[in-house]
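FYI, in UniProt numbering the residues of the sequence shown are 1 to 310.
Here a beta-carbon is modelled for each residue, glycine too, at the ideal position from N, C-alpha and C.
These numbers come from a predicted model, not from an experiment.
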Amino acid sequence: MERKLRFKEDGSFRILQLTDIHYTEDDERDHRTVALMRDLIRREKPDFIITTGDTVYGEKNMEYLPLALAPLTESGIPWTFLFGNHDVEFAGNREELFAAVRKLPGCIGYHDAESKDGVGNHTIGIEDGEGRVRWLIIGIDSGDYNPLKQVGGYGFITPAQIHWYQEQIRRQEQENPDFGVLAFQHMALPEYAEVFRYETCYGTRREGYGCPRINTGFFAAMLQAGHSPSLFVGHDHANDFYGKLYGVTLGYGRATGYGSYGAQDFARGGRVFVLNQEDTASYTTYVSLDGGIVVDDPWRYEPLERREEG
1 MERKLRFKED
11 GSFRILQLTD
21 IHYTEDDERD
31 HRTVALMRDL
41 IRREKPDFII
51 TTGDTVYGEK
61 NMEYLPLALA
71 PLTESGIPWT
81 FLFGNHDVEF
91 AGNREELFAA
101 VRKLPGCIGY
111 HDAESKDGVG
121 NHTIGIEDGE
131 GRVRWLIIGI
141 DSGDYNPLKQ
151 VGGYGFITPA
161 QIHWYQEQIR
171 RQEQENPDFG
181 VLAFQHMALP
191 EYAEVFRYET
201 CYGTRREGYG
211 CPRINTGFFA
221 AMLQAGHSPS
231 LFVGHDHAND
241 FYGKLYGVTL
251 GYGRATGYGS
261 YGAQDFARGG
271 RVFVLNQEDT
281 ASYTTYVSLD
291 GGIVVDDPWR
301 YEPLERREEG
């Protein structure tokens, strides 16, 4: 399937983010998750689907991969895949699983070797009728666990990945300077705590932030590279808020899988983005839940405290 995406004739483009599917046992919970995914695709009619990590979990990850992604492969809609910290935690490795992912129908994800670290870092442009990229989708492997054992905690975006991100922006600028950036990865950045503390946020926050203990400067790189960047993640199953910090939107998708923690009292679903080819600085986003519920007027959180200037 072609890697290029195109806006529809009306100038719109719809993206569905699914995250933390956690297909683990091939049991009733997993089957319920797959039914939800099919319903979301039917209702939301996305033009593109992205899964942002922890799609499979456990020792049968390779066996369950096509079952977990069946709603996508059957849909005829182009889609892509990003790694979480659990996908190959108990069996296999990233290279093996990603090779299996790429063989599935409809997958347009790939690994850009220039990114050096991680598996599955890639970009996909969304073109207008004249072939100009108006929005650039950037998918990043945020790793699993910190290789620096003396620090511990979760992995981090490496300097090589940050350089790669900036280089993708510069290359696209040479072709067309007017485009927006929508990036996805599995784990939050340390700045997610800052945006919730100091800025107005929208959505739900019911847990902390599973972010790395080391800040490698990816947020600063996004800010410097420009193009009204946004970063959306998964990992923290009971968060779905978003807010803007210094012009960079930081947000969560909505956990999709019933086999993951938090499903008992936090409805599962996905996040929808509606882009317009004439607007490269903003978009509409909302959460679509099991049972047909749409949350397009989310809870508003005022800043917890005022930032000290100077």
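Notebook entry, point to check: Would you call the stretch 26–46 and the stretch 145–152 in contact, with 3 or more CB pairs under 8 Å?
Noted result: no
Notebook entry, point to check: Can you find at least 3 beta carbon pairs, one from the stretch 232–241 and one from the stretch 183–198, that sit closer than 8 Å?
Noted result: yes
Item checked: Beta-bridge partners of Lys45, as assigned by DSSP -> Answer is none; Lys45 lacks a bridge partner.
Check: For Arg307, which of helix, strand or coil comes out of DSSP?
Finding: coil
Margin query: Just to confirm the assignment: which complete beta strand (DSSP E) runs, minimum length 3, are found wholly within the stretch 248–291?
Written below: 248–252, 269–276, 279–289
Margin query: Threshold first: 4 residues or longer. Then list the alpha helix (DSSP H) segments lying entirely within the stretch 7–45, N to C.
Written below: 28–44
Item checked: CB contact check: Pro190 to chain D, cutoff 9 Å -> Although the question refers to chain D, the structure presented lacks it and comprises just one protein chain.
Margin query: Residues in the same chain with beta-carbon distance under 6 Å from Phe13, minus the five sequence neighbours each way, listed in chain order, please.
Written below: Phe7, Asp47, Ile126, Leu275, listed in sequence order.
Check: Can you tell me whether DSSP reads residue 316 as helix, strand or coil?
Finding: The question about residue 316 has no answer here: the residues shown for the chain are numbered 1 through 310.
Check: Between Ile138 and the ligand ADP, is the CB less than 8 Å from at least one heavy atom?
Finding: No copy of the ligand ADP appears in this structure; indeed no ligand is present at all.
Check: Three or more beta-carbon pairs under 8 Å between the stretch 69–83 and the stretch 159–167, yes or no?
Finding: Counting C-beta pairs with one atom in each stretch, the stretch 69–83 and the stretch 159–167 have fewer than three that are closer than 8 Å, which means they do not touch.
Check: Tell me the DSSP bridge mates of Asn61?
Finding: Beta-bridge pairing links Asn61 to no other residue.
Notebook entry, point to check: How should Phe218 be labelled, buried or exposed, when 16 other C-beta atoms within 10 angstroms of its C-beta is the threshold for buried?
Noted result: buried
Margin query: Which residue wins for smallest C-alpha separation from Tyr286, given the options Ala193, Arg306, Val294?
Written below: Val294
Note to self: Measuring alpha carbon to alpha carbon, tell me which residue in Thr284, Arg32, Ala225 is nearest Tyr165.
What the structure shows: Ala225
Notebook entry, point to check: Does the separation of the CB atoms of Phe83 and Ile138 fall below 9 Å?
Noted result: no
Check: Distance, Cα to Cα, Tyr283 vs Ile15?
Finding: 11 Å
Check: What do you reckon, are the CB atoms on Pro66 and Gly106 nearer than 9 Å?
Finding: no
Margin query: Determine whether the beta carbon atoms of Ser228 and Thr200 lie at a separation below 9 Å.
Written below: no
Next item on the list: Could you tell me which of Gly120, Leu223, Val195, Asp141 sits nearest to Phe156, measuring between CA atoms?
Entry: Asp141
Notebook entry, point to check: Of the choices Thr33, Cys211, Tyr192, whose alpha-carbon is the least far from that of Tyr202?
Noted result: Tyr192
Item checked: Beta-bridge partners of residue 316, as assigned by DSSP -> Absent from the structure is residue 316, since the part of the chain shown begins at 1 and ends at 310.
Next item on the list: Could you check what DSSP says for His227 in three-state terms: helix, strand or coil?
Entry: coil
Item checked: Neighbourhood of Gly120 by C-beta, 7 Å cutoff - its chain only, sequence neighbours within 5 removed -> Same-chain partners within the cutoff: Phe81, Leu82, Phe83, Phe98, Gly109, His111, Gly139, Asp141.
Notebook entry, point to check: Just the Cα atoms here: how many angstroms apart are Pro303 and Tyr198?
Noted result: Rounded to the nearest whole angstrom, the CA to CA distance from Pro303 to Tyr198 is 5 Å.
Note to self: Please state whether the Cβ-Cβ distance between Gly259 and His22 is less than 9 Å.
What the structure shows: yes
Checklist line | Limits of the unbroken beta strand (DSSP E) element including Arg134 | finding: 133–139
Checklist line | Secondary structure of Glu127, DSSP reduced to three states | finding: Strand.
Next item on the list: List the whole-angstrom C-beta distance separating Gly262 from Ala238, where the pair is believed to meet the contact cut-off of C-beta under 8 Å.
Entry: 4 Å
Next item on the list: Counting only the same chain and skipping the five closest in sequence on each side, list residues whose C-beta sits under 6 Å from that of Asn85.
Entry: Contacts found: Asp144.
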